[in-house]
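Before any comments, here is the structure.
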Amino acid sequence: MKPITAGLLLGLLAIHPLVAQGSAGSEDIKAIQGDWTMVSATLNGQTFSGVAGTRHVAGDTTTVTVNDQLLMRAIFVLNPSASPKTIDYQILEGPDRRSHQVGIYQWSDSTLSFCLASPGGARPTEFESKAGDGRTCSAWTRAAR
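Okay, so the sequence shown: first residue is 182 according to this note's numbering, each after it adds one.
Below you can see the structure in the form of structure tokens.
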């Protein structure tokens, strides 16, 4: 198992919050409410295994933890009409508090995926993380009830 780095934690934090822009986004907001379990994470092209991540989405706020450490609590805004769909976070708590993070998301069936720039970085245009790019990509499934 690889140790969790600050970059991974920050990237995962940015993956949480979603607030819809317009009525089209309300369906995505409703769909992602609740608890999620991380199934994969990649930072700077490096895949992390054995990392336990959880995400809780309530309204336009998300809280993400990794290995029981708070990565982020953030308010988010979704733009489902963009291609790819975009998400913006205003991080309230965690290592990158008071920063802004941008990314993209997709949702299909029971999987929610994100690709996020490091705080202050340019928005990704694809779901890919390469060595040195500062991007974090992750995938999440609904938590068992």
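Each residue gets a CB set at the ideal place from its N, CA and C atoms; glycine is no exception.
query	result
Roughly how many whole angstroms lie between the Cα atoms of threonine 292 and tryptophan 321?	6 Å
Arginine 323 and proline 305 - do their beta-carbons sit closer together than 8 Å?	no
Keeping to the same chain, check which residues put their C-beta closer than 8 Å to that of isoleucine 213; ignore five residues upstream and five downstream.	Leu199, Val238, Trp288 and Leu293
How about tyrosine 286 and lysine 311: do their beta carbons lie closer than 8 Å?	no
Could you check the C-alpha separation between isoleucine 327 and glycine 313 for me, to the nearest Å?	Absent from the model: residue 327. The displayed extent of the chain is 182 to 326, so no value can be given.
What residue from Asp216, Asn225, Gly215 and Trp217 has the CA that sits closest to serine 299's CA?	Asn225
Within its chain, find whatever has a CB closer than 7 Å to the CB of arginine 278; leave out the 5 residues flanking it on each side and keep chain order.	Ile272
Leucine 251 to serine 262, Cα distance in whole Å?	30 Å
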